[in-house]
Amino acid sequence: MLPARAPGDSAPGNANAAARGEILATAPDLRQLGVTDAGTAPRSTTLSLAMVLRYRNQSALDRLVADQSDPRSPLYRRWLSNSQFDARFAPSKATYRTVLASLRHAGFHIDRAYENRTLVDASAGVAVIARYFRTSIHRVRAAKGGSEYVNVRPAYAPAALAGTLLSVDGLDTVAVVHPFYALIGGAAATRIPSATTTSALFGPISSVTHARGYAPAAFWAGYDFPILHAAASGHYDGSGRASGIVIDADFAESDLRGFLTYFKIARTGPATHRVLLHGGPPPGDASTDSVEAALDAEAIVGGAPGTALTVYEIKNLKNKSITDAYDAAVSQNAVDALNSSFGGCEAAIGTKTVAAWSALAEQGASKGTTFHAATGDSGGSLCANAPASSPYFVAVGGTALTVGSGGAWALESAWTDGGGGISTIFARPAWQATTAGTIDRGRNVPDVALDADPYTGIALYYTGTFNTQYDPLGGTSLASPLFGAAVAELDQVKGGRLGLAAGGLYAAFAAHGYGSGATPYFHDVVQGNNGTFYASTGYDLTTGIGSIDAWNLASIL
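Going by our numbering, the residue at position 130 of the sequence shown is 138; the numbering climbs one at a time, nothing skipped.
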């Protein structure tokens, strides 16, 4: 599915844009970024850029991915290999060579070329960059200090590469994407479970927050994970499947071991595999966002202890780093599902960057990879958060989950800060358009929602203990990796990848609804709101079609 036309793109009646060519990067609003202009960047400044190329046969790729998600199609779940994708849809070898030659001739250094011919990393001084993309790079100052760089005019494709490039990232170095974890706020003493509560469902009471977070067993039971059901070979714990995380930090492996040991969970999957992009972040828990990395790892491996975890570790959450990580994931094609517990307003990120992330996710979908992302922790908004707003991601919103004494689902309400909204970049996808309650102004988010309220959050083991300010921890940063753990087990049950899971979820919902009281497929969340949108019967812009019963869903996906 192609994005809507970006503001300023060549179009009838827009003579100036047509004369300049196609926009590859819009000029961000400095006020929205919270920075002040400090003038033209020094000529000695060097920037590293990531350029995403357009696919060949885009309309055929769109049809293929739709067919791969349609149970009625003979192409249903017939995923492409890397070589098949490259042969049919990747830019040709000649086109890729032309791009590399053009960049070198202009004075760029090629930092990295990629086998899937979708991305080029290159660096150059700002004078070379400004001339090549017909833009202007300024230095800007952030309110908290420090200098960054921003293209204060749109960047245009060189005439020689017309129709070849989709986007360029790295002209704007201000990070507008952030992780979506949420801390507990205020006195939590009233939330401490009684002494009679089944201890296996909870971690210890934190001496800092005076609250008690959920154990993996509570999420297994609350969302009826397949791990609770016998398999011929043992358990559906995600064995034989692979889960991925993109994050700008590492985590301490000792924390993951401590978490699993406390809850008596045996990790049957292989050791964590780390892919360090451009050197990666500092190891262990030395980075600011290491708590996010720990949360993602403990939610996924705690939920599906048999899965093989790969962490794509980037230095920061700037647009270029994320683009590089997504291309690394789809070109390696080593994970069945990829989690992004971060995001930012579509408009602030930039139309072209958001379109590029979506294009990379579509490549992953054609190979069977399920991309899923958190919708945000600032409530409903007229500005949907990317990357979750892409139709090639499952957008995971937030709820407050209550389980019964045995752990079974008892009640769920919309989490006050769970993200939701309507994309201004992507049209409402076909698999969503037939769902009552969705709005035909663009892609609606979220698709589904899982626990995110920090008061019912996960008992996080971090820096060697549960007793930190991060225990318990919530946010849609919890909801999305919980969904990823469910995907690993569903993949194991089904014996293969789910691919574009959003399409399958809506198809299951259209055919079977919420199911019966004894056999639910989804839980309709009808209470609460996210500050802008209210939960209601059926689809809503705070909890989507609801939360999942993973085991029952396995029979109809």
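Using N, Cα and C, we set each Cβ at its ideal position, and we do this for glycine too.
* To do: Helix, strand or coil for G252, going by three-state DSSP, please let me know.
  => Here the question's residue 252 lines up with position 244 in the sequence shown. Three-state DSSP puts G252 in a strand.
* C-beta contact flag for A312 and D245 at 8 Å -> To locate residue 312, count along the sequence shown from 1; it is residue 304. To locate residue 245, count along the sequence shown from 1; it is residue 237. The answer is yes: Cβ separation under 8 Å.
* **C-alpha gap between R51 and G376, whole angstroms** => Indexing the sequence shown from 1 puts residue 51 at position 43. Indexing the sequence shown from 1 puts residue 376 at position 368. Their Cα atoms are separated by approximately 45 Å.
* **8 Å contact criterion, which D232 and A33 should meet: CB distance rounded** => Start at 1 with the first residue of the sequence shown, and residue 232 comes out as number 224. Start at 1 with the first residue of the sequence shown, and residue 33 comes out as number 25. That belief does not hold up - the Cβ atoms of D232 and A33 are roughly 45 Å apart, past 8 Å.
* Asked: A301: buried (16+ other C-beta within 10 angstroms of its C-beta) or exposed?
  -> Reading the sequence shown from its first residue, position 293 is the one you call residue 301. Answer is buried; the Cβ neighbour count reaches 16.
* For the alpha helix (DSSP H) that W439 lies in, which residues bound it at each end? -> To locate residue 439, count along the sequence shown from 1; it is residue 431. Residues A438 to A441.
* Asked: What number of angstroms, rounded off, separates the C-alpha of T550 from the C-alpha of N560?
  -> What you label residue 550 is simply residue 542 of the sequence shown in a count that begins at 1. What you label residue 560 is simply residue 552 of the sequence shown in a count that begins at 1. Between T550 and N560, the C-alpha separation is close to 23 Å.
* Asked: With respect to the beta strand (DSSP E) encompassing W417, which residues constitute its N-terminal and C-terminal limits?
  -> On the sequence shown, residue 417 is found 409 positions in, with the first residue counted as 1. W417 to A422 is the extent of the beta strand (DSSP E) around W417.
* **Under the three-state DSSP convention, the category T143 falls into** => Numbered from 1 along the sequence shown, position 135 holds the residue referred to as residue 143. DSSP places T143 in coil when its eight states are reduced to three.
* Mapping DSSP to helix, strand and coil, what is Y271? -> On the sequence shown, residue 271 is found 263 positions in, with the first residue counted as 1. For the record, residue 271 in the displayed sequence is Phe; it is not Tyr. F271 falls in the coil class under three-state DSSP.
* **C-beta atoms of D459 and N538 nearer than 8 Å** => The residue you call residue 459 lines up with position 451 of the sequence shown. The residue you call residue 538 lines up with position 530 of the sequence shown. No.
* Asked: Which residues share a DSSP beta bridge with L303?
  -> By one-based count along the sequence shown, residue 303 stands at place 295. Answer by DSSP bridge pairing: none, since L303 is not bridged.
* Asked: Do A467 and G221 have their C-beta atoms closer together than 8 Å?
  -> By 1-based counting over the sequence shown, the position of residue 467 is 459. By 1-based counting over the sequence shown, the position of residue 221 is 213. The answer is yes: Cβ separation under 8 Å.
* Kindly identify the DSSP beta-bridge partner or partners of H281. => For the purposes of this step, residue 281 is taken as the residue at position 273 of the sequence shown. Per DSSP, T318.
* Asked: Excluding sequence positions up to five away, which residues of its chain have a Cβ less than 6 Å from the Cβ of V319?
  -> Sequence index remark: in the sequence shown, residue 319 carries index 311 (1-based). Within the same chain, V319 has close Cβ partners I253 and R282.
* Which of the three DSSP states, helix, strand or coil, is assigned to R105? -> Against the sequence shown, residue 105 aligns to sequence position 97. If DSSP states are grouped into helix, strand and coil, R105 belongs with the helices.
* What's the gap between the Cα of R275 and the Cα of I556? -> Residue mapping note: residue 275 aligns to position 267 of the sequence shown, counting from 1. Residue mapping note: residue 556 aligns to position 548 of the sequence shown, counting from 1. Computed Cα separation, rounded: 24 Å.
* Asked: Does the distance from the CB of F350 to the CB of L325 come in under 8 Å?
  -> As a working note, residue 350 is residue 342 in the sequence shown. As a working note, residue 325 is residue 317 in the sequence shown. Yes.
* To do: Would you check if the distance between the CB atom of V343 and the CB atom of A509 is smaller than 8 Å?
  => As a first step, residue 343 is located in the sequence shown; it is residue number 335 there, counting from the start. As a first step, residue 509 is located in the sequence shown; it is residue number 501 there, counting from the start. No. Outside cutoff.
* Asked: Of all the options G384, Y522, T383 and C353, which has the alpha carbon lying nearest to the alpha carbon of C391?
  -> Residue numbering aside, residue 391 sits at position 383 when the sequence shown is read from its first letter. Residue C353 is the option with its Cα nearest to C391.
* Whole-angstrom Cβ separation of S339 and Y164, contact assumed at under 8 Å? -> Position 331 of the sequence shown holds residue 339. Position 156 of the sequence shown holds residue 164. Incorrect: roughly 27 Å between the Cβ atoms, too far for contact.
* Host beta strand (DSSP E) of I31 (start-end) -> The residue given as residue 31 occupies position 23 in the sequence shown. Segment I31 to A33, the beta strand (DSSP E) holding I31.
* Asked: Can you list the alpha helix (DSSP H) stretches of 4 or more residues lying completely in the region 333 to 405, in chain order?
  -> 354 to 357 and 359 to 374
* **Collapsed DSSP secondary structure at L41 in the structure displayed** => By one-based count along the sequence shown, residue 41 stands at place 33. Helix, per DSSP.
* Asked: Roughly how many angstroms lie between the CA atoms of G525 and V184, to the nearest whole one?
  -> As a first step, residue 525 is located in the sequence shown; it is residue number 517 there, counting from the start. As a first step, residue 184 is located in the sequence shown; it is residue number 176 there, counting from the start. The straight-line gap from Cα to Cα measures roughly 43 Å.
* Inter-residue Cα distance where the pair is L481 and T361 -> For this step, residue 481 is matched to residue 473 along the sequence shown. For this step, residue 361 is matched to residue 353 along the sequence shown. Spanning the two alpha carbons is a distance of roughly 30 Å.
* For T143, the nearest candidate out of L169, L83 and L179 (CA to CA) -> Reading the sequence shown from its first residue, position 135 is the one you call residue 143. The shortest C-alpha separation from T143 is found at L179.
* Asked: Helix, strand or coil: how does DSSP classify A58 here?
  -> Against the sequence shown, residue 58 aligns to sequence position 50. If DSSP states are grouped into helix, strand and coil, A58 belongs with the strands.
* Out of P278, V160, V456 and P99, state which residue places its alpha-carbon closest to the alpha-carbon of T48. => Residue mapping note: residue 48 aligns to position 40 of the sequence shown, counting from 1. Measuring from the Cα of T48, the nearest candidate turns out to be V160.
* Coarse secondary structure for E261, derived from DSSP in three states -> If you number the sequence shown from 1, residue 261 lands on position 253. Helix.
* **Cβ neighbours of T378 in the same chain (closer than 6 Å, five flanking residues each side left out)** => Against the sequence shown, residue 378 aligns to sequence position 370. A345, V495, L506 and A509, listed in sequence order.
* To do: Report the option in S91, A98 and L55 whose CA atom is closest to the CA atom of L69.
  => Numbered from 1 along the sequence shown, position 61 holds the residue referred to as residue 69. Of the candidates S91, A98 and L55, the one whose C-alpha sits nearest the C-alpha of L69 is A98.
* Asked: Quick one: what's got a C-beta closer than 8 Å to Y84's C-beta in the same chain, skipping five residues either side?
  -> Here residue 84 is taken as the residue at index 76 of the sequence shown, counted from 1. Answer for Y84: D75, Q76, S77 and D78, listed in chain order.
* Asked: Just reading off the beta strand (DSSP E) that A121 is part of, what are its end residues?
  -> Walking along the sequence shown from the start, residue 121 turns up at place 113. That run of the beta strand (DSSP E) goes H117 to A121.
* Just the Cα atoms here: how many angstroms apart are F116 and S131? -> In the sequence shown, residue 116 corresponds to position 108, counting from 1. In the sequence shown, residue 131 corresponds to position 123, counting from 1. Computed Cα separation, rounded: 6 Å.
* To do: Mark L486 as exposed unless 16 or more other C-beta atoms lie within 10 angstroms of its C-beta, in which case mark it buried.
  => As a first step, residue 486 is located in the sequence shown; it is residue number 478 there, counting from the start. Burial call: buried.
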